[in-house]
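Counting along the sequence shown from 1, when you hit position 223 you're at 772 in our numbering, and nothing is skipped either side. Report on one structure; see the data block that follows.
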Amino acid sequence: MRRYFARKLLVYALTFVVAVTVNWMIPRFMPGDPVAAMVSRARVSQPEAAEAMRAYYNNLFGFDQPVWQQYLHFWGALFQGDFGISVWVFPTPVSDVLLDALPYTLGLMIPAVLLSWIVGNWAGALAARRKVLDNTVLPAGYLLTAMPYMWIAVILAWALGSKAGWFPISGGYSLDIQPSWTLDFVLDLAHHWVLPFLSLFLVALGGWAIGMRNMIIYELESDYSSYLSALGAPQRLIRRYAFRNAVLPQVTGLALQLGVLVAGALVTEIVFAYPGLGSLILAAIQNQDFFLLQGAFLFIVIGVLIANFVIDVVYVLVDPRTRTGMAGGQS
């Protein structure tokens, strides 16, 4: 088991280095000059003062150094927890801007991932056994899975926000309420959270339901199920074995789905102007904020890698074949 996890950690470490390097390169290949944008925002009329301001910002952000020195300085600062200074909200550190937005994204992602996985697998397992549910769950699942996150977010905002007036369609909380741990703020926060959560939950739910329904049917028609049935085993026991075997690919799919759901969360946040990492990325692109953009992507990369490692650990715990293979590798 130690060798298995050491190999996994090595793969994740290499993935982290490559992802962070690409993350560092992408903003620098983007068109535009963030320093020129900052000087333009200052509206300095004298050319000498504008040039002095440009030299100051280039020195402050390290743009006057060769690219390879900027890259090495980036890694050195990263290990010290320094993500640089935001160009968009200068001179606020990028880490402070990200930490303000991160709770909103995690508050959307974690419930959407876990609840859609649990409810989708439960609905798919029921649909595999009951024809009435199969005729309703399966078409609904295909419809939800085929819809992009942005479409369903717009439909929900139109139907439940603009027409019905049940939920607000933008923001993380009302502008007349100050963020604090009071009951009024928490209720207002939950009120703004419902529509972004539903758009992520519904799209992911369809995929899990279809996957589990198909896997349960495959397991119930397999040889070991027929053999157990011929021996007179109760159907409840056969369905329990079928569910245990069918849920393993769903655990693997959960790890693969995380990256897709992160992208969906970013789009959803932009549609609802939700104050999470998605809105920050959009603001960083619009304001050519290199440091904020690479900091937001870095948080996403770390989050996806940690989630995938947790899924690997869970897979070892729930799949006896993996543990057997690991024991054989050690012997």
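Ideal Cβ placement from N, Cα and C applies to all residues, glycine included.
- [ ] Answer yes or no: do F816 and A758 have a C-beta to C-beta separation smaller than 9 Å?
- [x] Here residue 816 refers to the residue found at position 267 of the sequence shown. Here residue 758 refers to the residue found at position 209 of the sequence shown. Contrary to the premise, residue 816 reads as Val rather than Phe in this sequence. No; because the gap between Cβ atoms is not below 9 Å, this pair is not in contact.
TODO: Pull up the DSSP beta-bridge partners for I634, would you.
DONE: As a working mapping, residue 634 is identified with position 85 in the sequence shown. Answer is P642.
Task: L738, DSSP secondary structure in three states - done: For the purposes of this step, residue 738 is taken as residue 189 along the sequence shown, with counting starting at 1. Correct three-state label for L738: helix.
Task: Backbone secondary structure at S880 - three-state DSSP - done: Here residue 880 corresponds to residue number 331 of the sequence shown, with the count starting at 1. With a pLDDT of 40 at S880, under the threshold of 50, the modelled position of this residue cannot be trusted; read the value that follows with caution. Three-state result, S880: coil.
Task: A833 beta carbon less than 9 Å from that of W637 - done: Taking the first residue of the sequence shown as position 1, residue 637 is located at position 88. Taking the first residue of the sequence shown as position 1, residue 833 is located at position 284. A contact, by the Cβ cut-off of 9 Å.
- [ ] Measure the C-alpha to C-alpha separation of L648 and Y823 and round it to an integer number of angstroms.
- [x] Locating residue 648 in the sequence shown gives position 99, where the first residue counts as 1. Locating residue 823 in the sequence shown gives position 274, where the first residue counts as 1. Each residue's Cα considered, the two are about 15 Å apart.
Open item on the list: Using a Cβ distance threshold of 8 Å, determine whether the stretch 778 to 786 contacts the stretch 736 to 752, with at least three qualifying pairs required.
Closed with: no
Open item on the list: Going by beta-carbon coordinates alone, are A586 and R603 separated by less than 9 Å?
Closed with: Position 37 of the sequence shown, counted from the start, is the residue given in the question as residue 586. Position 54 of the sequence shown, counted from the start, is the residue given in the question as residue 603. Going by C-beta atoms, A586 is not nearer than 9 Å to R603.
- [ ] With a 10 Å radius around its C-beta and 16 neighbouring C-beta atoms as the bar for buried, classify G625 as buried or exposed.
- [x] Residue mapping note: residue 625 aligns to position 76 of the sequence shown, counting from 1. With fewer than 16 Cβ atoms within 10 Å of its Cβ, G625 is classed as exposed.
Task: Beta-carbon contacts of F840 that lie in its chain and below 7 Å, excluding the five residues immediately before and after - done: Position 291 of the sequence shown holds residue 840. These residues qualify, in order along the chain: F632, G633, I634, S635, V636 and V643.
Open item on the list: Measuring only the C-alpha atoms, how far is T845 from V646?
Closed with: Locating residue 845 in the sequence shown gives position 296, where the first residue counts as 1. Locating residue 646 in the sequence shown gives position 97, where the first residue counts as 1. Before going further, note that residue 845 is Ala rather than Thr in the sequence given. Roughly 10 Å between the two C-alpha positions.
Task: Secondary structure of P697, DSSP reduced to three states - done: For this step, residue 697 is matched to residue 148 along the sequence shown. P697: coil per DSSP, three-state reduction.
Open item on the list: I need the straight-line Cα distance from A676 to P688, nearest angstrom please.
Closed with: On the sequence shown, residue 676 is found 127 positions in, with the first residue counted as 1. On the sequence shown, residue 688 is found 139 positions in, with the first residue counted as 1. Cα to Cα, A676 sits roughly 11 Å from P688.
Open item on the list: For a quick check, are the C-beta atoms of L657 and L751 less than 9 Å apart?
Closed with: Reading the sequence shown from its first residue, position 108 is the one you call residue 657. Reading the sequence shown from its first residue, position 202 is the one you call residue 751. Contact: no.
- [ ] Give me the Cα-Cα distance between F628 and F565, rounded to the nearest whole angstrom.
- [x] Position 79 of the sequence shown, counted from the first residue, corresponds to residue 628. Position 16 of the sequence shown, counted from the first residue, corresponds to residue 565. Looking at the two C-alpha atoms, the distance is approximately 13 Å.
Task: Runs of beta strand (DSSP E) wholly within the stretch 722 to 810 (minimum 3 residues, chain order) - done: none
Task: Cβ neighbour criterion (16 or more within 10 Å) applied to E770 - done: The count along the sequence shown starts at 1 and reaches residue 770 at position 221. Exposed is the call here.
Task: Contacting residues, own chain, Cβ-Cβ under 8 Å from V588 (five flanking each side not counted) - done: Within the sequence shown, residue 588 is the residue found at index 39, counting from 1. If we look at V588 and ignore the five residues flanking it on each side, its Cβ neighbours are A599, M602, R603 and Y606.
TODO: Check whether the Cβ atoms of G825 and A814 lie closer than 9 Å to each other.
DONE: To locate residue 825, count along the sequence shown from 1; it is residue 276. To locate residue 814, count along the sequence shown from 1; it is residue 265. Closer than 9 Å, so yes.
Open item on the list: Going by C-alpha to C-alpha distance, which of I849, F554, D861 and R679 sits closest to A568?
Closed with: Taking the sequence shown and counting its residues from 1, the one referred to as residue 568 is at position 19. Closest by alpha carbon: I849.
- [ ] Work out the CA separation of K557 and V863 for me, nearest whole Å.
- [x] Translated into positions along the sequence shown, residue 863 becomes position 314. Translated into positions along the sequence shown, residue 557 becomes position 8. Going from the Cα of V863 to the Cα of K557 covers about 14 Å.
- [ ] Determine, using beta carbons only, whether S711 and I718 come nearer to each other than 9 Å.
- [x] For the purposes of this step, residue 711 is taken as residue 162 along the sequence shown, with counting starting at 1. For the purposes of this step, residue 718 is taken as residue 169 along the sequence shown, with counting starting at 1. It is a contact, given that the beta carbons lie within the stated cut-off.
Open item on the list: When you compare the CB positions of T694 and G756, do they come within less than 9 Å of one another, or not?
Closed with: The sequence position of residue 694 within the sequence shown is 145, counting from 1. The sequence position of residue 756 within the sequence shown is 207, counting from 1. A contact, by the Cβ cut-off of 9 Å.
TODO: Reducing DSSP to helix, strand and coil, say where M579 ends up.
DONE: In the sequence shown, the residue the question calls residue 579 occupies position 30. In the structure shown, M579 sits in coil (DSSP, three-state: anything other than H, G, I, E or B).
Task: Contact set for I726: own chain, Cβ-Cβ below 7 Å, skip 5 residues either direction - done: On the sequence shown, position 177 is the one that residue 726 refers to. D733, F734 and D737, listed in sequence order.
- [ ] Please state whether DSSP places D649 in a helix, a strand or coil.
- [x] Residue 649 sits at position 100 when you count from the first residue of the sequence shown. D649: helix per DSSP, three-state reduction.
Open item on the list: Do A795 and Y773 have their beta-carbon atoms positioned less than 9 Å apart in this structure?
Closed with: Taking the first residue of the sequence shown as 1, we reach residue 773 at position 224. Taking the first residue of the sequence shown as 1, we reach residue 795 at position 246. Not closer than 9 Å, so no.
- [ ] Would you kindly check if the distance between the Cβ of P583 and the Cβ of Q837 is under 9 Å?
- [x] Indexing the sequence shown from 1 puts residue 837 at position 288. Indexing the sequence shown from 1 puts residue 583 at position 34. Against a cut-off of 9 Å, the Cβ pair of P583 and Q837 comes out as a contact.
Task: I704 versus L609: straight-line alpha-carbon distance, rounded - done: As a working note, residue 704 is residue 155 in the sequence shown. As a working note, residue 609 is residue 60 in the sequence shown. Answer to the nearest angstrom: the Cα atoms are 45 Å apart.
TODO: Compare the C-alpha of V853 against each of M761, Q806, Y722 and M696 and name the closest.
DONE: Residue numbering aside, residue 853 sits at position 304 when the sequence shown is read from its first letter. Nearest option by C-alpha distance: Q806.
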